[in-house]
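Colleague: First residue of the sequence shown: 1, per full-length UniProt numbering; consecutive thereafter. We treat Cβ as the ideally placed atom computed from N, Cα and C, and that holds for glycine.
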Amino acid sequence: MTAATMALAGGPVLGTPLSLLLLQMLVIIIVCRIMAMILGRLGQPRVVAEILAGILLGPTALSRIPAFAHTIFPATSLPALSLIANIGLILFIYITSLELELSRMGKQLRQSALISLSGIIIPFGLGAAASVHIYHVLGDPDVSYTSFMLFIATAMSVTALPVLARILTETGCIRTTVGQVALAAAAVDDVVAWTLMVVVVAILNNTGQNIFALYVFLVVVGFTAFMWTAVRPLLRVMVLRWGRHKSEGQPTVTPILLFTVLVLLLASAWFTESVCGIHALFGAVIMGVVTPHDYGFAEAIAERLEDLTTQLFLPLYFAYTGLKTQIGSLSTGTAWSVEFLVLSTAIGGKIIGCTLAGRYAPGAPFSWRESLAIGVLMSNKGLVELVILNIGLEAGVISDTVFAIMVVMAIVTTMMTQPLIRVIYP
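#1: How many whole angstroms separate the CB atoms of residue 157 and residue 193, which I take to be in contact at a CB cut-off of 8 Å?
#2: Less than 8 Å between the beta carbons of residue 338 and residue 126, yes or no?
#3: Mapping the DSSP letters down to three states, classify residue 3 as helix, strand or coil.
#4: Below 7 Å CB to CB, which residues in the same chain sit around residue 60 once its five sequence neighbours on both sides are set aside?
#5: To the nearest whole angstrom, what separates the beta carbons of residue 48 and residue 406, a pair I think is in contact under 8 Å?
#6: Exposed or buried, residue 141, counting other C-beta atoms within 10 Å across all chains shown (16 or more means buried)?
#7: Cα separation between residue 37 and residue 45?
#8: Rounded to the nearest angstrom, what separates residue 25 and residue 122 at their Cα positions?
#9: List the endpoints of the continuous alpha helix (DSSP H) containing residue 365.
#10: Of all the options 67, 66, 97 and 78, which has the alpha carbon lying nearest to the alpha carbon of residue 283?
#11: Once the 5 residues before and after residue 204 are set aside, which same chain residues still bring their CB inside 6 Å of it?
#12: Using the three-state DSSP reduction, which class does residue 11 fall into: helix, strand or coil?
#13: If you draw a straight line from the alpha carbon of residue 316 to that of residue 307, how long is it in whole angstroms?
#14: How is residue 306 classed by DSSP in three states: helix, strand or coil?
#15: If you draw a straight line from the alpha carbon of residue 230 to that of residue 292, how long is it in whole angstroms?
#16: Indicate the three-state DSSP secondary structure (helix, strand or coil) for residue 58 in the structure shown.
#17: Using CA coordinates, which residue listed in 225, 242 and 110 is at the minimum distance from residue 180?
#18: Taking the straight line between their C-alpha atoms, what separation do you get for residue 271 and residue 261?
#19: Under DSSP, the alpha helix (DSSP H) around residue 413 begins and ends at which residues?
#20: Determine the burial state of residue 162: buried for a count of at least 16 other Cβ atoms within 10 Å of its Cβ, exposed for fewer.
#21: Does residue 117 come out as helix, strand or coil in the three-state DSSP assignment?
#22: Give a yes or no on whether the C-beta atoms belonging to residue 286 and residue 227 are separated by under 8 Å.
#23: Sorry if obvious, but does the Cβ on residue 115 come closer than 7 Å to a heavy atom of the ligand ATP?
#24: For a test of the three-state rule: what should DSSP assign to residue 123, helix, strand or coil?
#25: On a CA-only basis, which of 195, 360, 263 and 85 is nearest residue 311? Give me that one, please.
#26: Could you pull out every residue in the same chain whose Cβ sits closer than 8 Å to the Cβ of residue 87, ignoring the five residues on either side in sequence?
#27: How far does the alpha helix (DSSP H) with residue 271 in it reach, from first residue to last?
#28: I need the DSSP call for residue 280, collapsed to helix, strand or coil.
#29: Using DSSP with H/G/I as helix, E/B as strand and the rest coil, what is residue 293?
#30: Whole angstroms are fine: how far does the CA of residue 168 sit from the CA of residue 430?
#31: Could you name the residues of the same chain whose beta carbon sits closer than 7 Å to that of residue 95, not counting the 5 residues immediately before and after it, in chain order?
#32: Between the C-alpha atoms of residue 274 and residue 280, what's the straight-line distance to the nearest angstrom?
#33: At 4 residues or longer, and completely inside the segment 156-182: list those alpha helix (DSSP H) runs for me, N to C.
#34: In terms of residues, what are the limits of the alpha helix (DSSP H) holding residue 92?
#35: Could you check the C-alpha separation between residue 400 and residue 323 for me, to the nearest Å?
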């Protein structure tokens, strides 16, 4: 039944799934835009505004009003919103993964890798230690401690490459050695983080079947090798054959190339979701890594997809995350003590690890001020953290309260980065 038919019959116009979904999308993108305009004046990146907009629409604020929640975001409508939000997430993760071109790092790769690994190992270890207390006071007894520990430790050790790139651009640090090393370190961090998440998700989805979890990991490795050795060369040939050079003043992405990339992206996402049993976004990461950069092809693909993805689809993911975040669950002293522990571990682990590596690692001649700037830049979590948290919540490894605690940590670490950088490294 269409909306017009229902209206003529005296029924509510919002009764159709399509009309409700369109209204939800309209509300979400408008609220996200308003929040971005307000927080942009305070020097905050857009991702912070969109995360807060999602929380504002969720049960923490507006969805506490029964009429608003039942009319705009009824529980029965969330699966459809989730599907579209995840399609947007796949596109965005693919776009950001196009930045993972390790060959561009050149001589900075060694020092960037050392900084990245130090910034992963230390917070991972601290997160594993902190997880003992978190599991004891807020963990689900039905979830194994090993799964919980691996998840918390991984969540503590990530860095948001897309947010970092935007902060570096907005502060002018992108042209400095500190900015270039931090960006390269974040790229290495992303590769390691996604690899860790493949292992963690394989274990979460196959509790008590470690052999099968190893099998899943090996399948992902084999699929990545296939994409690199077979699909990447094929794409390079197609770019050389059908792509147009920028020097000719024409776009480098022809319709046949765009069609091919989208087909391969969806196929890669389907393979990791259905065959590997982990998550479709891992397929997007793999496809982003193997997309060739010849003649600016990867950059041109990103330009074609970025506006629609970031303006329409990505806010839907933030809103969907916000609809699951209940800040009100942090109403006890225990919850806030865990929040303080999580913030201290996430911020301290990253800053200490990356600062020490920047100062003392061979081949990284940075001053204490420059090293501290790298540590602060690497401490932001952003969207990557939200993706990991949603995976953990959907897998049942963390509770709603732990989810809310970790979301607050993601917001704080992202909000503090740009103001601190302006002070430490003006």
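Modeller: On the basis of the coordinates in this document:
#1: 7 Å
#2: no
#3: Legend: pLDDT at residue 3 = 47, less than 50; position of this residue unreliable, no value from coordinates given.
#4: 325, 326, 327 and 328
#5: About 16 Å; that fails the 8 Å criterion.
#6: exposed
#7: 10 Å
#8: 40 Å
#9: Premise fails: residue 365 is in no alpha helix (DSSP H) and is neither H nor E.
#10: 97
#11: 147, 395 and 397
#12: Model confidence at residue 11 stands at a pLDDT of 42, short of 50, so the residue's coordinates are unreliable and nothing is read from them.
#13: 14 Å
#14: helix
#15: 12 Å
#16: coil
#17: 110
#18: 15 Å
#19: 400-424
#20: buried
#21: helix
#22: yes
#23: The ligand ATP is not part of the structure shown, which contains no ligands of any sort.
#24: helix
#25: 85
#26: 313
#27: Element bounds for residue 271: n/a, residue is neither H nor E.
#28: helix
#29: coil
#30: The question about residue 430 has no answer here: the residues shown for the chain are numbered 1 through 426.
#31: 302, 305, 306 and 309
#32: 8 Å
#33: 161-171
#34: 78-97
#35: 11 Å
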